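A.B. asks: Numbering (our numbering) for the sequence shown: 1 to 277. Positions of the beta carbon are idealized from the N, C-alpha and C atoms, including for glycine. Keep in mind that this is a model prediction, so the values were computed, not measured.
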Amino acid sequence: MTEPGQIAEYMAGRFWAPYCDSAAVWTRDTLYVGGIWRDDFVAAYRQWATLLWMLNPLIAQKSVEQNLRYFQALHDSIPDTGAYPLFLDLCEEYFYGVNSTFRNEQLYLPVVRLRVKEMRKDSVLHDKYAKQLECCSLNQIGTVASDFDFTDKRGRRGSLHKIRAPYTLLFFSNPGCNACKQIIDKLNASQKVAELTGKGRLAVLNVYIDENPDEWYKYMPIYPDSWTNAYDEDLEIRTNTLYDVRAIPSLYLLDADKKVIFKDLPDNRLIDLLEML
């Protein structure tokens, strides 16, 4: 292998194989996981999560599935290593945690599907993971994003699917949200974003989905005029759970056909992704 992408894919897919193959030496000491320090295990997990972000999300998802199989096999042969439950917990923390900079529901899908199956005898945990699975299954990468109607600041009606641009950044925000303001400032400061929006290659749809449009109107001066700034007058998005907006801000990148390129994009990854368009 000579291509960086091929190397990264291979490493991500087999990252945990050496650990799982050699974990026959283990201890019940909770400071250790499979014979290594717990902190070292967590640090290695962070390296793996970083590596996954170098890959196409669908390829990275296959890597997660592959490494899950390694840990399942390890758990079947040596249940007391503690590695398997810790690995699953870290997947939830890193890939589904609302404040995680590695958040990626596409990578969490194989994990939560497995947990739904494994928790059949625990109704509380089963319901928890079943709900997570339902939310993660919405607007998956490669599928057409759910359409919805909106009302812009001039009272004009529109819909997501009627926006015409090679790319659309769907930005769920709230007035007074400091994190939203930080993203707005980053987008305003990016020459690449200015170039994309100026040439009509990127449309930004900034949507308020709660029930207080009067408060939203007060914040209109901070929203760029080049964006479509709108609110969900019918409260359709939340009422019908068209999108799983677990936290504000929430960002989606769509292609010309409104297929999802990325969902619930962590804001620290946003500019890097837009720079590649």
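Starting from residue 158, follow the beta strand (DSSP E) in both directions and report where the run begins and ends.
C.D. replies: Looking up residue 158 in the sequence shown gives position 158. Per DSSP, residue 158 belongs to the beta strand (DSSP E) from 157-159.
A.B. asks: From the DSSP output, which residues share a beta bridge with residue 204?
C.D. replies: Translated into positions along the sequence shown, residue 204 becomes position 204. Residue 204 pairs with 169.
A.B. asks: Pull up the distance between the alpha-carbon of residue 168 and that of residue 108, whole angstroms please.
C.D. replies: Within the sequence shown, residue 168 is the residue found at index 168, counting from 1. Within the sequence shown, residue 108 is the residue found at index 108, counting from 1. Straight-line Cα distance between these residues: approximately 24 Å.
A.B. asks: Count the other C-beta atoms from every protein chain shown that fall within 10 angstroms of the C-beta of residue 103, then say buried if there are 16 or more, exposed otherwise.
C.D. replies: The residue labelled residue 103 in the question sits at position 103 within the sequence shown. So residue 103 counts as buried.
A.B. asks: Taking the alpha-carbon of residue 269 as reference, which of 166, 101, 242 has the nearest alpha-carbon?
C.D. replies: Within the sequence shown, residue 269 is the residue found at index 269, counting from 1. Here the closest residue by C-alpha is 101.
A.B. asks: So if DSSP puts residue 229 in a beta bridge, which residue, or which two residues, is it bridged to?
C.D. replies: One-based indexing of the sequence shown puts residue 229 at position 229. Answer by DSSP bridge pairing, in chain order: 206.
A.B. asks: Across which residues does DSSP place residue 2 in a beta bridge pair?
C.D. replies: Here residue 2 refers to the residue found at position 2 of the sequence shown. Answer by DSSP bridge pairing: none, since residue 2 is not bridged.
A.B. asks: Note down the Cα distance separating residue 60 from residue 12, rounded to an integer number of angstroms.
C.D. replies: What you label residue 60 is simply residue 60 of the sequence shown in a count that begins at 1. What you label residue 12 is simply residue 12 of the sequence shown in a count that begins at 1. Whole-angstrom Cα-Cα distance: 8 Å.
A.B. asks: With DSSP run on the structure shown, which of helix, strand or coil describes residue 260?
C.D. replies: The residue labelled residue 260 in the question sits at position 260 within the sequence shown. Strand at residue 260.
A.B. asks: Could you give the first and the last residue of the continuous alpha helix (DSSP H) run that contains residue 70?
C.D. replies: Numbered from 1 along the sequence shown, position 70 holds the residue referred to as residue 70. Unbroken alpha helix (DSSP H) run through residue 70: 57-77.
A.B. asks: Straight-line CA distance for residue 205 to residue 161?
C.D. replies: One-based indexing of the sequence shown puts residue 205 at position 205. One-based indexing of the sequence shown puts residue 161 at position 161. Distance between the alpha carbons of residue 205 and residue 161 is about 11 Å.
A.B. asks: In whole angstroms, what is the alpha-carbon distance linking residue 242 and residue 217?
C.D. replies: Taking the first residue of the sequence shown as 1, we reach residue 242 at position 242. Taking the first residue of the sequence shown as 1, we reach residue 217 at position 217. So the alpha carbons of these two residues sit roughly 24 Å apart.
A.B. asks: Taking the alpha carbon of residue 277 as the reference point, which residue from 211, 215, 197, 264 has its own alpha carbon closest?
C.D. replies: Walking along the sequence shown from the start, residue 277 turns up at place 277. Comparing Cα positions, the closest option is 197.
A.B. asks: With distances taken from CA atoms, which of 71, 137, 221 is nearest residue 20?
C.D. replies: Walking along the sequence shown from the start, residue 20 turns up at place 20. Residue 71 is the option with its Cα nearest to residue 20.
A.B. asks: Taking Cβ to Cβ, would you say residue 249 is nearer than 7 Å to residue 190?
C.D. replies: In the sequence shown, residue 249 corresponds to position 249, counting from 1. In the sequence shown, residue 190 corresponds to position 190, counting from 1. It is not a contact, given that the beta carbons lie outside the stated cut-off.
A.B. asks: Spell out the partners DSSP gives residue 151 in its beta bridges.
C.D. replies: Taking the first residue of the sequence shown as position 1, residue 151 is located at position 151. BP columns for residue 151 point to 157, 231.
A.B. asks: Alpha carbon to alpha carbon, how far is residue 239 from residue 140?
C.D. replies: Here residue 239 is taken as the residue at index 239 of the sequence shown, counted from 1. Here residue 140 is taken as the residue at index 140 of the sequence shown, counted from 1. Computed Cα separation, rounded: 20 Å.
A.B. asks: For residue 258, I'd like the list of residues in its chain whose CB is within less than 6 Å of its CB, leaving aside the five on either flank, ordered along the chain.
C.D. replies: Along the sequence shown, read from residue 1 onward, the residue named residue 258 stands at position 258. Within the same chain, residue 258 has close Cβ partners 144, 145, 161.
A.B. asks: Helix or strand or just coil, what does DSSP make of residue 187?
C.D. replies: One-based indexing of the sequence shown puts residue 187 at position 187. Residue state, collapsed to three classes: helix.
A.B. asks: Looking only at its chain, what residues have a beta carbon closer than 7 Å to the beta carbon of residue 156, apart from the 5 residues adjacent to it on each side?
C.D. replies: On the sequence shown, residue 156 is found 156 positions in, with the first residue counted as 1. For residue 156, where only same-chain residues beyond five positions count, there are no Cβ hits under 7 Å.
A.B. asks: Alpha carbon to alpha carbon, how far is residue 86 from residue 43? Give it in angstroms, no decimals.
C.D. replies: As a first step, residue 43 is located in the sequence shown; it is residue number 43 there, counting from the start. As a first step, residue 86 is located in the sequence shown; it is residue number 86 there, counting from the start. Cα-Cα distance, rounded: 13 Å.
A.B. asks: Tell me the DSSP bridge mates of residue 254?
C.D. replies: Here residue 254 refers to the residue found at position 254 of the sequence shown. Residue 254 is bridged to 168, 260.
A.B. asks: Just to confirm the assignment: which complete alpha helix (DSSP H) runs, minimum length 4, are found wholly within the region 78-140?
C.D. replies: The qualifying runs are 83-91, 105-118, 123-136.
A.B. asks: Which residue's Cα is closest to the Cα of residue 251: 267, 237, 236?
C.D. replies: Start at 1 with the first residue of the sequence shown, and residue 251 comes out as number 251. Of 267, 237, 236, the residue nearest in Cα terms is 267.
A.B. asks: Can you tell me whether residue 81 is buried or exposed? The criterion is at least 16 other CB atoms within 10 Å of its CB, across all chains shown.
C.D. replies: As a first step, residue 81 is located in the sequence shown; it is residue number 81 there, counting from the start. By the 10 Å Cβ count, residue 81 comes out buried.
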